[in-house]
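Remarks on the structure that follows.
Protein chains: 2
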Amino acid sequence: MNMEIKPIYPVEPWTITETSFDRKYNYRNETTFSLSNGYIGTRGTFEEAYDFDIDTGLEGNFVNGFYESEQIRYGEANFGSPLFSQSLLNLPNMKETRVLLEDEWFTMEEGTIEDYSRTLHMKDGVLKRSLVWTSPRGRKAEIRFQRLVSFEMKNIMAIRVQVTPLNFSGKIQFRSRLQADVENHTRKTNPIVDYGPFGRRLEPLRLEGEGYRLYYEGITKNSRLTAACGCSHRVSGSECETGWEFCIGELEGTAVLTAEAKEGSAVVLEKMLCYSTDLDLPAEDLRGFILDTLKEAEQKTFGGLEKSQKAYMGRFWNTADIRIQGKDSQALQQGLRFNLFHILQSAGRDGRTGMGAKGLSGEGYEGHYFWDTEMYVLPVFVYTEPETARRLLDYRYGTLEQARERARILGHEKGALFPWRTINGEEASTYYPLGTAQYHINADIAYALSLYLQVTGDVDYLKEKGAEILIETARVWADVGSFAECKGGRYCICSVTGPDEYNVLVDNNFYTNLMARENLRDAKGAVEYLARHDREVLARLKEKLDFSEEEWKLWQRIIDHMYFPYDEARQVYPLDDGFMMRRPWDESRIPEEKRAWLYENYHPLFIMRHRMSKQADAILGMYLHSHLFTKEEIRRNYDFYQEVTLHHSSLSTCIFGIVASDIGYDDEAYRYFSQSARMDLDDYHHNFYAGIHGANMAGTWQAVVNGFAGLRCQETRLKFSPSLPSEWESYSFKLRYKRALLRIGVSRGQAEFTLEEGEKITFYIGGKEICIQENGGRHVEKI
Amino acid sequence: MNMEIKPIYPVEPWTITETSFDRKYNYRNETTFSLSNGYIGTRGTFEEAYDFDIDTGLEGNFVNGFYESEQIRYGEANFGSPLFSQSLLNLPNMKETRVLLEDEWFTMEEGTIEDYSRTLHMKDGVLKRSLVWTSPRGRKAEIRFQRLVSFEMKNIMAIRVQVTPLNFSGKIQFRSRLQADVENHTRKTNPIVDYGPFGRRLEPLRLEGEGYRLYYEGITKNSRLTAACGCSHRVSGSECETGWEFCIGELEGTAVLTAEAKEGSAVVLEKMLCYSTDLDLPAEDLRGFILDTLKEAEQKTFGGLEKSQKAYMGRFWNTADIRIQGKDSQALQQGLRFNLFHILQSAGRDGRTGMGAKGLSGEGYEGHYFWDTEMYVLPVFVYTEPETARRLLDYRYGTLEQARERARILGHEKGALFPWRTINGEEASTYYPLGTAQYHINADIAYALSLYLQVTGDVDYLKEKGAEILIETARVWADVGSFAECKGGRYCICSVTGPDEYNVLVDNNFYTNLMARENLRDAKGAVEYLARHDREVLARLKEKLDFSEEEWKLWQRIIDHMYFPYDEARQVYPLDDGFMMRRPWDESRIPEEKRAWLYENYHPLFIMRHRMSKQADAILGMYLHSHLFTKEEIRRNYDFYQEVTLHHSSLSTCIFGIVASDIGYDDEAYRYFSQSARMDLDDYHHNFYAGIHGANMAGTWQAVVNGFAGLRCQETRLKFSPSLPSEWESYSFKLRYKRALLRIGVSRGQAEFTLEEGEKITFYIGGKEICIQENGGRHVEKI
């Protein structure tokens, strides 16, 4: 980890703990303690609903895929610029649960607080807060809050509030509010966005209180999507004078219950919160669904949901956890788990939703899905929770039609071009040089899909959806470039932007050309596989896609003749054709406070005419396809890019770390890894308030597994090249590969491979084939 | 001319005549008959003010440099994107003069019309309309309108209305209206502009009627500029019952006068219209100025202004006119004069204003000034009316401070970067790939300035302003690129857009690199000249600009090492480094109706990844600096670009014609010239309604003088290479060069040079020095 930065929270193996409440850190902590199940996301705000302003807090509740659209205005609009935005919409809040002790409202800003802690239990998937509060008039009570967003029931969030009067007996009142007068804080969370959403975007359709439940339904002003939510309440541990009373307005509903509490005896409120939208079921069925689901959750009780949550998390950690022993290991261990926990939370699991760059933890990047999912997050799931990887791919498959339409807009008569950023599958990037020009998104999706297919061996998926994605993405590559005479007939791709957003609209971006070629190769491989094994599927695809052998031949020609920029003097692959000509970067001309995201303070032309790189670009390609390069080649390129890369993206250091491992730069690898592992937990970028950096979080898992352990799955081979950072005594992790679960433990001098599930596994270490033939079997390799 | 297109108006040598009134062609004709003096511009609308809608007409009155600003919104704004627009604002109309015969309003849409004509007298600078009208009730009258925008008095437009009752005696009423409820028709005239101006933008400050005058003053809502205008009336030829009566509202004022007319006897109204703004004098002085100026104009009378107008035009035509004899010559002759007439009208002459791409003839391009002025128009004035050329350069000098600020925004610590499009000197381009990235604007201004200095020998101008412009523009070139190792240490300029707007953000645009080098050379030349001839001026500049010898040395290094893209196989200069790699253009994929401005129907990425060119780019550079290339080289490049250029800009064909002349492709030269000469007069682009294409208009003069006659002024030599198109018998034109006026007549087999003013002139034909030693002297050269 970055040794100059002191950990924000105590270093603990499985928990993140806040030990005092401080308004100053609230906004950041709301992200730290955000909970999600890939469908509902809720920020770590407080039940007693403090009055934070736009700079200090954001009450946020989101449903994956639910967005509002605003008209986008341009100085001059280009043909094909998106006309309507998609912004993950902040939905009504139902967490608010205020507690009245006799005539005093519980608030942490009055009275005195003892034994305060708020703890994220990553092992259990539960957030807990507890404290002993003495009111200004001297009433003392122990108050505990628990909260979870259920992995078992995707529409359910559950809250448990327990109040124990310690020095009095008397009335305790719960006021539970459904607050629908909510809005996105766009000016703060997406400051460069001009189009909103601003103000409340949900028009209320109904708000009801009945029995012990509240129910709300509203429709967005522009996207015309319906959101519904409801909550139910149950109090135990006390006699209640009356039942729940309701106060219902147009935009908020409050349910009030007063209980008689006895000194030393706990009163408990269990609250179930349910969200759904008409993206999942017809609007007219929403009310019935919400009420039924609430009933189901009530029956399970908070305790029941907590139990299933713990079980789910247990299964996840059993595969995904990385264990480290050694110096700094506890802090890094905590960082890794925090990262994995948020990744797990963020990924859409219903096949209809993807994963936002910031998960469902905040409004940053408008909640959009980017390549981050495929290149950073998806590989982690491929090896740890392949079902989730598949559902994320399903989302892309489900938007293939929009991608086809987009390809037509870009002038391609065939194929599909996936959007650079989106929620609903349509392009939402309003600035094409840093958006649509990043054609590599197509190859990134194809790469992740191919990795999934290789690692899982899921041939059915290839037939059902995979081959179609591979073919449609490949077709765009076959149309976007041309065989250039001036480059000896090699295939050149002009006017694209690679991953590096400081070098835009370039010719022959190395990463793009490489990934495009592999996309074509994978597509061709898929077609050949079907030709050999399932002619029926191939025939269906040929007809559906109007796809011919001519295209297939063209692909091979492109694969054979792809052009790559090359600097003869340095023997490296420059970022693109123009890179070596650009003006050398002089960091001394940049004031220190401006050495972050340059676009904030510099004109794009200033940025793009300089020879420097924002983030891993060519280097990323050389990691993903490391089998195509010699170590010496990778080393030369790494040395070169090491000099010119500014790492002004959170997606960069983890990749540099992996490549450093690959070439034996162990110290640098460790340094990069350390810079990545606690990036969000210690808020290196000072913008964690806006949401997690999901790509980097996943990248840290890769930095250990693909970096230190050297995992690759290339050309259908599972390969390792284990090393141990000198700071550590050992580390271990597990992988799913086809039907196997493999445990890898690396310690000083050796790497141990154990087949924990499955009957057999074959893999390679340094070119040597290793085969474990029985369940429980083990292989030890000297390193 | 384009033989497939029938002339719209009768072919006449000095006039453009409309022989019938037709709503269908009104909008276009408003531009044809627009009048201007470089300060006031007024569209060719009718005094009786018909009710045209947004698609059929635009009442337009403009004052050069007077603009309204609107906030510009961007999907995502970049650092340095202009936040406020500048749009030439449509000002109050005072031309409206309705005529009442007893109880019948004169309108061309009722009754019957005989002997109708509306004629633009280009020799006199006057627009005349006459007709005999029989009212629905049988009253017959001859009605004549005359209109001019005075070159003598820049604030004055004058109108004369003459009504002669032919079959009755009775009341004739004039209703003259000042209409201030005016707005730009942005949706129609600048359809891609999102930000307006929409609606009325002038807030009225006062509107008065007194005596025989109307006066108005208003302030713009955002730019806070004050416009003032007034008109005065005088009737003669009849007894008037009463004086002028006024009806004054907030936004319009009407002056009404009723006269008793006798059959056969003319009643004449003379109306003087005056405009000024607080860009010229303090707002509080405007009223006094307008009223004084009106008085002065009244004293001159319409006849007096007409006389001075004719004299001014006579002087202009005496130098600028090109006379052609031969086949097609009459139509081409008319086209050339129409073009020169509009150029003359459009150029700002007060040193504070430039020339809009559409002059003051319409709202197109928001009234912005582009490079069109310097590269197309200014050379014409340099040789024909150098005083006007100087005033246009003064405008650029006057905005040097804004250009310096802009250079800082673009990251240059020294120097000035002129805006791609502007009115007030600040960048108004909202899309930098087709705007600010066109850095060549700097070199274009430097080129025009250098040409002015060479042709006029105006050394004082070099000392006062010229050297400063040259140094400040050159400094940006010395900072934008770098000596690239990978190109053998040559100086490369990355990420700019050349003139060609289909190849954007490219590396080493040939035109840009060439023009940049010559900009540096001229700047260095200026510094050296001052070092030899005026050390005091140099010292002043060094101090003012913090300018050192180090810079000067760097310039020389760049001049010596400028890089140019070169295709070895074809031995041509590609448009830029990436050009030869782009996908070959397949016109057959483009439906015929979309083969115009591609951006309307295609995504920028589709356009920029194809190997084709919108307009003259490298070819323009090779014309301007033809002395640096062999004929064979120019020919190879011309052949190459001839194949790939789409001419989707009105700035293209005239340049190709000039270069075709240069290399002896006489038939092609003639064809290109013919496609340019009547482009606007016959409305080839179907958008003449939005205003003139000033660059092409000026380009046609160049096509004859620089094309057929082969004029160049390079390395301080005036050079000719005369040829005669086979379709012609002869042509002649005149040039000013230093103190001389030279007449050039080219006929079959010979070119005759006559020194009409001045004592001596030296020039070159095909490398041979020719010297005419006395006024009236003559040289005849066989060709």
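Residue numbers (the UniProt record's numbering), protein chains in the order written: chain A, 1 to 783; chain B, 1 to 783.
From the three backbone atoms N, C-alpha and C, an ideal C-beta is built for every residue, glycine too.
Owing to the predicted nature of the structure, the values given are computational and were not obtained by experimental measurement.
Is the Cβ-Cβ distance between residue i and residue j less than 8 angstroms?
i, j, result
"residue 97/A", "residue 174/A", "yes"
"residue 519/A", "residue 456/A", "no"
"residue 837/B", "residue 437/B", "Missing from the structure shown is residue 837/B; chain B here goes from 1 to 783 and no further."
"residue 223/A", "residue 110/A", "no"
"residue 627/A", "residue 715/A", "yes"
"residue 178/B", "residue 233/B", "no"
"residue 166/B", "residue 140/B", "yes"
"residue 515/B", "residue 561/B", "no"
"residue 761/B", "residue 737/B", "yes"
"residue 785/B", "residue 361/B", "With chain B covering 1 to 783 only, the question about residue 785/B has no answer from this structure."
"residue 603/A", "residue 411/B", "yes"
"residue 66/A", "residue 251/A", "no"
"residue 64/B", "residue 44/B", "no"
Quick check on DSSP: helix, strand or coil for residue i?
i, result
"residue 141/A", "strand"
"residue 670/A", "helix"
"residue 456/B", "helix"
"residue 812/B", "The structure shown does not extend to residue 812/B, since chain B is modelled only from 1 through 783, so no value can be given for it."
"residue 574/A", "coil"
"residue 784/B", "The requested residue 784/B is not part of the displayed model; chain B covers only 1 to 783."
"residue 701/A", "helix"
"residue 334/B", "helix"
"residue 239/B", "strand"
Nearest to residue i by alpha carbon, out of the options?
i, options, result
"residue 634/B", "192/B, 645/B, 618/B, 353/B", "618/B"
"residue 614/B", "680/B, 510/B, 502/B", "502/B"
"residue 249/A", "480/A, 420/A, 164/A, 204/A", "204/A"
"residue 486/B", "490/A, 306/A, 570/A", "570/A"
"residue 708/B", "663/B, 690/B, 698/B", "663/B"
"residue 257/B", "172/B, 294/B, 639/B", "172/B"
"residue 721/B", "547/B, 704/B, 471/B, 242/B", "704/B"
"residue 622/A", "572/A, 732/A, 458/A", "572/A"
"residue 209/A", "142/A, 194/A, 154/A, 287/A", "287/A"
"residue 651/A", "357/A, 726/A, 668/A", "357/A"
"residue 376/A", "668/A, 211/A, 653/A, 44/A", "653/A"
"residue 393/B", "371/B, 406/B, 414/B, 578/B", "371/B"
What whole-angstrom Cβ distance do residue i and residue j have, given they're in contact under 8 angstroms?
i, j, result
"residue 117/A", "residue 130/A", "6 angstroms"
"residue 400/B", "residue 468/B", "7 angstroms"
"residue 423/B", "residue 511/B", "About 25 angstroms; that fails the 8 angstroms criterion."
"residue 186/A", "residue 197/A", "6 angstroms"
"residue 11/A", "residue 334/A", "6 angstroms"
According to a CB-to-CB cut-off of less than 8 angstroms, which residues of the segment 470-491 of chain A neighbour chain B? Within the segment 470-491 of chain A, those residues whose Cβ lies closer than 8 angstroms to any Cβ of chain B are, in chain order, 480, 481, 482, 484, 485, 486, 487.
Return the residues of the segment 68-83 of chain A that lie within a Cβ-Cβ distance of less than 9 angstroms from chain B, sorted by chain order. Considering only beta carbons, the part of the segment 68-83 of chain A lying closer than 9 angstroms to chain B consists of 72, 73, 74, 75, 76, 77, 78, 79, 80, 81, 82, in chain order.
When Cβ atoms are compared, which residues of the segment 180-208 of chain A fall closer than 8 angstroms to chain B? Residues of the segment 180-208 of chain A with a C-beta atom less than 8 angstroms from some C-beta of chain B are 192, 193, 194, 195, listed in chain order.
Residues of the segment 578-597 of chain A whose Cβ lies closer than 7 angstroms to any Cβ of chain B, in chain order: If the cut-off is 7 angstroms between Cβ atoms, the segment 578-597 of chain A has 578, 580, 581, 582, 583, 584 near chain B.
At a CB distance below 7 angstroms, what residues from the segment 510-521 of chain B approach chain A? Give them in sequence order. Listed by position, the residues of the segment 510-521 of chain B near chain A (Cβ gap below 7 angstroms) amount to none.
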